[in-house]
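Under the working numbering, the first residue of the sequence shown carries the number 19, and numbering increases by one thereafter. For every residue, glycine included, the Cβ atom is placed at its ideal position computed from N, Cα and C.
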Amino acid sequence: MMERTEKLAKFCAETTFSQLDSQVVARTKLIISDTIGAILGGIVEPEVKEFLKIRTGQKSKGRKVKIIGLKKWAEQSDASLIHGIAGTTLEMDEGNQFAKGHPAIHVLPALVSAVQSRFSSKKISGQEFLNAFAVGYDVGARIGLACQLNPHMHPHGTWGVIGAASAIGALLKFGHHEHMKLINISSSLTTASSRKTMLQGGTVRNVYAGLSNQMAHLAIDLIQSGFSGEKDGIGSVFGNVVSENFNDNLLLEKLGQRFEVMRNYFKLHACCRFNHAALDCLHDLMKDHRELSDVGQISFIDVESYSLAAELDDPRPRNMLAAKFSIPFALATTLVNKNSQVLSFAGDALTNEKTMALSKKVNVKEMSSMTEMLPQFRPAKVTIGLKSGKIFHHSVKTNKGDWQTPYSADELEDKFYSLANRSLNQKKSETLYDKLQNLEQISDMRELFQSI
């Protein structure tokens, strides 16, 4: 249907910063800040640092984009790829449960590159940047909301490319006809992303979001070179190829009135969100029952949750990525290390003998009644039995961090520093966070990103 593409295209072309209400602006700034934090945290991971040696160098005519947190420069597509990889690696980037994916990390890296490489002299203001991001986030999230991806596919690297391309198009002030062409071309630039990568620790999975940002720039170049796509790229690709169902009503419902940034979630646990309901239960149990501090006294841990969470049942993950997609490991490492932050899923924590022994005692079971509560709620129940015979249990209806049970502004700011300080000193992190929380007052986004 040309109609859906045209409506999306008009939304992209006609939405301006003045149409974003104060709540949307505030949430968009939080999401951008959170995503920058995730990138700063992940940019120092070993495999990312090695990749940087191949794809970055000194500033030059071809390398106009500064890598966030480092004194390195890259070509716009490479920078988009790198920032997408870095922001995904720690599994700390935000997401959207209705889109069934992570829109922000599929949009922000492409915009960071565009600001620095696609405008020779024009300064892009913070207001223009906020508008472009909100538009791109909305387009990507709505396509994710409207389709049902093949269950063997990972959502990263799929609909995100359309969101990223639409964001760049909004920044470039494309008209709605150009946006229609852009949507149709970018629809065909999705990846064949395998879900098994996340379950088996295949770190190629961390590249998928970066590819979407990279392909978004390719889509812009193709448009400007005269290439064309099919007439209904969204319907063809997301209604027949990677998904066999596409709901136009969900795609277009309250378009321009309900911005999907308002239904996002943030993470404090450094792992896949499917773990989070169980971890929320565990943190409450640890707070209420001091006996759990002696992990040697734990006899069993039973977890009941929804279908997607029940998949994460590997008790011996082979690396950091696999550990972040394992409920047995996530609960065990949290009990052993007394937290579920980045270092509990990295380095020596991955082979800790106490954690490995405890992980074997965790049983994960799907409850159909909980699966039926998706996507509105993400429930779990955790039961812990001690060798003494004592049994503790706790349940939650949904995860902390979404719009229903949000984290506080202070919690999100502390999270930002915990990640950003892996690349920057505390003073620079604080200065950056203040600027990100006042983006609408920034006159030159290029200058901001090149100062990080």
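- In this structure, A183 is the residue among A183, A296, V313 and E465 with its C-alpha nearest to the C-alpha of I123.
- Remark: C-beta atoms of L148 and F35 approach each other more closely than 8 angstroms.
- For the pair D366 and L297, the Cα-to-Cα distance works out to about 21 angstroms.
- Taken atom to atom, the span from the alpha-carbon of L167 to that of P173 is near 7 angstroms.
- Per DSSP, the beta-bridge partners of V382 are V321.
- Exclusion of the five residues before and after L217 leaves F343 as the residues of its chain whose Cβ lies within less than 6 angstroms of its Cβ.
- By the CB criterion at 8 angstroms, V157 and I180 fall inside the cutoff.
- For F410, the secondary structure class from DSSP, reduced to helix, strand or coil, is strand.
- Of the candidates L207, S206 and V225, V225 places its Cα closest to the Cα of T215.
- The Cβ atoms of A398 and S323 lie closer than 8 angstroms to each other.
- Rounded to the nearest angstrom, the gap between the Cα atoms of L273 and S377 is 45 angstroms.
- With a beta-carbon spacing of about 5 angstroms, A164 and N265 fall inside the 8 angstroms limit used to define contacts.
- Per DSSP, F264 lies in no alpha helix (DSSP H); the unbroken beta strand (DSSP E) holding it starts and ends at S261 to F264.
- DSSP places L450 within a helical segment (H, G or I) once states are collapsed to three.
- In the three-state reduction of the DSSP assignment, Y435 falls in the helix class, which pools H, G and I.
- Contact check between the segment 227-236 and the segment 91-103: three or more CB pairs, one atom from each, fall below 8 angstroms, which counts as touching.
- Distance check between E465 and each of V66, E68 and G144 places G144 closest, using alpha-carbon atoms only.
- Residues F410 of the same chain have their beta carbon placed closer than 6 angstroms to that of H307, with the five preceding and five following residues left out of the count.
- According to the DSSP assignment, Q41 belongs to no beta strand (DSSP E) but to the alpha helix (DSSP H) extending over S40 to G60.
- Taking the CA atoms as reference points, M463 sits about 31 angstroms from T221.
- A direct Cα-to-Cα measurement between L38 and K47 gives close to 12 angstroms.
- By the beta-carbon neighbour count (other beta carbons within 10 angstroms, threshold 16), Q394 is exposed.
- Apart from the 5 residues on each side of it in sequence, L99 sits with its Cβ closer than 6 angstroms to the Cβ of G228 and Q232 in its chain, given in chain order.
- L303 places its beta carbon 8 angstroms or farther from that of H197.
- When DSSP states are grouped into helix, strand and coil, Q242 belongs to the helix group.
- The shortest C-alpha to C-alpha distance from L368 to any of H235, A341 and S211 is the one to A341.
- Under the three-state reduction of DSSP output, I86 falls in the coil class, being neither helix nor strand.
- Excluding its 5 nearest sequence neighbours in each direction, S95 has C-beta neighbours in its own chain below 8 angstroms: S131, Q232, H235 and L236, listed in chain order.
- For the pair S211 and G247, the CB atoms are not nearer than the 8 angstroms cut-off.
- Just measuring C-alpha positions, the residue of Y283, R291, H194 and T107 sitting nearest A327 is R291.
- Assignment of Q166 by DSSP, reduced to helix, strand and coil, places it in the strand class.
- Using a C-beta cut-off of 8 angstroms, the segment 353-361 makes no contact with the segment 273-285, since fewer than three inter-stretch Cβ pairs fall below that distance.
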